[in-house]
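Colleague: Heads up: the sequence shown is residues 221 to 470, going by our numbering.
Note that CB positions come from ideal geometry on N, CA and C, so glycine has one too.
This is the structure I have questions about; it appears just below.
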Amino acid sequence: MLDVKNLEIRYKRYKLKKDMPYFIIAGIAILISFITIFMIINNNQEQKPILKSEIESHVSKPIEQTKPIEIEQVVKEEKIKAPVIIQDDKVVLTPSLSFMNKIEPDMPPSKTIAQNKIIEKEILSKEIEEVREPLHVKDKKVFVNIERNNDADDIEEVIKRFKVNNNPALSLFIAKKYYQLGEYEKAYNYALITNKINNNIDASWVLFSKSLVKLNKKEMAIETLKKYIEYSNSQQAKQLLDEISSGKFK
221 MLDVKNLEIR YKRYKLKKDM PYFIIAGIAI LISFITIFMI INNNQEQKPI LKSEIESHVS
281 KPIEQTKPIE IEQVVKEEKI KAPVIIQDDK VVLTPSLSFM NKIEPDMPPS KTIAQNKIIE
341 KEILSKEIEE VREPLHVKDK KVFVNIERNN DADDIEEVIK RFKVNNNPAL SLFIAKKYYQ
401 LGEYEKAYNY ALITNKINNN IDASWVLFSK SLVKLNKKEM AIETLKKYIE YSNSQQAKQL
461 LDEISSGKFK
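Printed below as a string of structure tokens:
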């Protein structure tokens with residue numbers, strides 16, 4: 221007869237030997253999983269204080285404040301220099317613009333002007349009581365002076381705005397005002413600045429050339445207009461060139 225118990229024992233041993241590699245592999249996999257999880261948790265715990273200290277160090281850094289740069293502004297007129305150089309069919313100006321960095325008001329502060337106006341009015345009121353006929357002449361002169369002071373105040377205000385944004389429309393306005401006041405050298409300078417910012421403004425070139433004529437630089441004005449006409453074919457420049465050449469504009 222067969223020994224059943226002996227066969228069962230042998231079968232169990234055989235099955236155990238057969239499944240042993242699988243158990244070993246499973247055990248190793250479980251052990252590796254536990255080790256990996258433990259290492260991840262340990263690393264996270266170590267990194268948290270490091271990140272916290274780095275964040276605190278970044279946050280605690282003081283913000284540097286930029287100090288405003290103070291610019292001293294002084295008015296100084298510059299003499300006329302060679303105005304035009306032609307390169308690559310474009311009109312390029314090479315003026316000295318150092319006077320723009322040193323601009324300060326030529327006129328007294330507004331408070332002083334206001335006080336002067338009050339004093340002038342008081343003087344006029346006294347003269348009205350004493351003399352009637354000569355009053356009209358004096359009154360006209362005072363009116364002209366006050367008007368010129370107002371123009372100067374307007375120009376200074378626009379100059380301040382121009383120094384902030386370098387808008388060519390503002391510099392052209394300043395040039396026109398100076399030309400109207402008969403200050404042709406200042407008109408020349410600001411027209412020159414306008415041309416340097418934007419060399420496609422006809423009005424600026426026309427005013428620039430007119431100022432040259434008024435400053436007894438007729439030939440320079442003619443040469444400038446000719447070169448600008450070659451560049452832009454401006455009708456205004458052509459008309460002014462004809463007037464200067466024929467002597468209509470002096």
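Just to check my reading of the structure: serine 431 and tyrosine 451 have Cβ atoms closer than 8 Å, yes? What is that Cβ distance to the nearest angstrom?
Modeller: Their Cβ separation, rounded to whole angstroms, is 19 Å, which puts serine 431 and tyrosine 451 out of contact at 8 Å.
Colleague: Hey, quick one: how far does the alpha helix (DSSP H) through serine 429 stretch, first residue to last?
Modeller: It spans 422–434 - the alpha helix (DSSP H) in which serine 429 sits, taken as one unbroken run.
Colleague: Could you give the residue range of the alpha helix (DSSP H) that holds serine 465?
Modeller: Run containing serine 465: 455–466, per the alpha helix (DSSP H) assignment.
Colleague: For the alpha helix (DSSP H) holding glutamate 450, just list the boundary residues, first then last.
Modeller: Taken as a continuous stretch (DSSP letters only), the alpha helix (DSSP H) holding glutamate 450 covers 438–452.
Colleague: Using only alpha-carbon positions, find the residue among Leu236, Lys406, Ile449 and Phe393 that is nearest to aspartate 374.
Modeller: Answer by Cα proximity: Phe393.
Colleague: Output yes or no for whether 8 Å exceeds the beta carbon distance between valine 426 and phenylalanine 469.
Modeller: No, they are not a contact pair.
Colleague: By Cβ distance below 6 Å, which residues in the same chain neighbour tyrosine 408 in space, the five residues on each side in sequence not counted?
Modeller: Cβ neighbours of tyrosine 408 beyond the five flanking positions: Ser431.
Colleague: In whole angstroms, what separates the C-alpha of isoleucine 228 from that of tyrosine 234?
Modeller: Here the sequence assigns glutamate to residue 228, which means isoleucine is not the residue at that position. Looking at the two C-alpha atoms, the distance is approximately 10 Å.
Colleague: What first and last residue would you give for the alpha helix (DSSP H) that runs through glutamate 403?
Modeller: No alpha helix (DSSP H) contains glutamate 403, which DSSP labels as neither H nor E.
Colleague: By how many angstroms is the C-alpha of glutamate 377 removed from the C-alpha of leucine 445?
Modeller: If you take the alpha carbons of leucine 445 and glutamate 377, they lie about 31 Å apart.
Colleague: Is the Cβ-Cβ distance between isoleucine 421 and lysine 438 less than 8 Å?
Modeller: In this structure, lysine 438 does not lie closer than 8 Å to isoleucine 421 by Cβ.
Colleague: Kindly indicate which three-state DSSP category phenylalanine 258 falls into: helix, strand or coil?
Modeller: Note: phenylalanine 258 maps to helix in three-state DSSP.
Colleague: Spatial neighbours of isoleucine 343 within its chain, please: C-beta separation below 7 Å, excluding the five flanking residues on both sides.
Modeller: Note that isoleucine 343 has pLDDT 48, beneath the 50 cutoff, so the model's placement of it is unreliable and the number below is only indicative. Here the set comprises nothing.
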